[in-house]
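First up is the structure itself, then whatever we jot down about it.
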Amino acid sequence: MKIVLNDYFYALTLNQQRTTGMQDHRNQEKQTIIINQQNQSNSMGLAGLILSILAWFSSCLPIAGSIIWLLGLIFSIIGLFKRPRGTAIAGLVISCIGLILLLFFFGALAFLGLTAAALES
359 MKIVLNDYFY
369 ALTLNQQRTT
379 GMQDHRNQEK
389 QTIIINQQNQ
399 SNSMGLAGLI
409 LSILAWFSSC
419 LPIAGSIIWL
429 LGLIFSIIGL
439 FKRPRGTAIA
449 GLVISCIGLI
459 LLLFFFGALA
469 FLGLTAAALE
479 S
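Here the sequence shown is numbered in our numbering, starting from 359 and rising by one per residue.
So, in structure tokens, the structure goes:
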């Protein structure tokens with residue numbers, strides 16, 4: 359993508375010259391500034407983010423939800439090694455929150471199972 363900025367920066371340089379007391383703008387030439395930007399994307403990080411979000415909605419499916427969550431975690435980790443890292447970090451955070459909630463849920467089930475077994479005996 360090519361951005362050509364001409365009159366805006368010329369007006370800025372004119373205002374700076376007027377405030378600093380430099381010579382009149384009629385003798386100055388126009389400046390053309392060309393900025394080349396490359397569109398960068400991190401497809402692995404984006405896939406990890408999308409799969410991590412899908413894992414939240416498919417968490418009620420026992421096997422499919424776990425597979426989608428694991429794939430989202432793996433793609434997010436792979437995406438951390440490529441730039442830009444924003445989507446990969448977001449996918450990793452969402453996956454880690456899902457892992458913490460999953461461990462908390464199974465821990466609560468185990469605790470309830472142990473207390474129920476202790477009350478019966």
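Where is the CB? At the ideal position from N, CA and C, for every residue including glycine.
A quick note: this is a predicted structure, and the numbers were derived from the prediction, not measured.
- At the C-beta level, A468 and G403 stay beyond 8 Å of one another.
- Relative to the Cα of S453, the nearest Cα in the group P442, F433 and A474 belongs to F433.
- Between G423 and A413, the beta carbon gap of about 6 Å places them in contact (Cβ cut-off 8 Å).
- Following the DSSP letters along the chain, one finds N394 inside the beta strand (DSSP E) bounded by residues I391 to N394.
- For a cut-off of 8 Å, the C-beta gap from L457 to G430 is around 11 Å, too long to register as a contact.
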